[in-house]
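One structure below.
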Amino acid sequence: MLNIHYGDLPEEIYSTSMYFDHTYLDSWIEDDFSKKMMKSVDKAEVLGPQAVKTKALGVIPVTRLSGGVKTLLLIYHDREHIFNASTCGDNCAKWILKIAQKSKEDVTINLHHIMDFGDKDFEIRILNNNVIVHNMKELVLYAGDFLE
């Protein structure tokens with residue numbers, strides 16, 4: 019299940035891009051699920067563990083991927099930490115749900131805004147009040163209380 023904490027969380031990794039640059043492993047980049055996320059979000063084709071090819075930027079090191087992709091890779095591969103998923107655009111939302119569905123254990127993220135998880139039903143636990151929501155209408159109703 020996907021767990022979301024809204025608002026400040028002392029233990030969250032806030033600067034996900036910088037954290038990624040100093041902690042990612044080559045194996046993360048070569049993973050098939052990771053490749054799908056990079057292709058979907060950044061239109062990036064993995065050339066190897068250190069380089070990707072994008073339409074917009076050409077061949078770049080993986081440290082120049084978007085903040086959203088870096089955060090997705092962290093959420094998927096590093097279960098020891100809670101990451102600030104507000105560095106992701108709404109185009110990452112479906113991937114966050116897929117990571118949670120794919121995982122054998124709960125996945126926890128932190129948000130500082132209401133991310134659009136789309137029109138389909140889902141199951142998300144809001145940790146601030148321990149309420150489980152099933153669609154965007156419910157998410158907005160309960161999550162809005164915890165954001166400024």
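Count along the sequence shown from 1, add 18, and you get the number used in the numbering used here.
Even glycine gets a Cβ: it sits at the ideal position worked out from N, Cα and C.
Considering residue i, what are the terminal residues of the alpha helix (DSSP H) in which it resides?
i	result
residue 90	85-95
residue 38	34-41
residue 45	44-48
Relative to the C-alpha of residue i, which residue among the options is closest?
i	options	result
residue 78	86, 90, 64	64
residue 107	144, 85, 72	85
residue 128	92, 68, 152	92
residue 134	117, 116, 120, 153	153
residue 121	156, 87, 94	94
residue 110	161, 61, 155	61
Let's see if you can read the secondary structure: which residues bound the beta strand (DSSP E) around residue i?
i	result
residue 144	142-144
residue 74	Counting along the chain, residue 74 falls outside any beta strand (DSSP E), and DSSP gives it neither H nor E.
Opposite residue i in the DSSP bridges: which residues?
i	result
residue 23	128
residue 59	Bridge partners of residue 59: none, in fact.
residue 69	66, 79
residue 102	128
residue 31	101
residue 150	143
Could you compute how far the alpha carbon of residue i sits from the alpha carbon of residue j?
i	j	result
residue 11	residue 90	Because residue 11 is not part of the residues shown, which for the chain are 19 to 166, the question remains open.
residue 145	residue 30	14 Å
residue 72	residue 139	32 Å
residue 74	residue 82	12 Å
residue 23	residue 44	29 Å
residue 18	residue 87	The question about residue 18 has no answer, for the chain in this structure spans 19 to 166.
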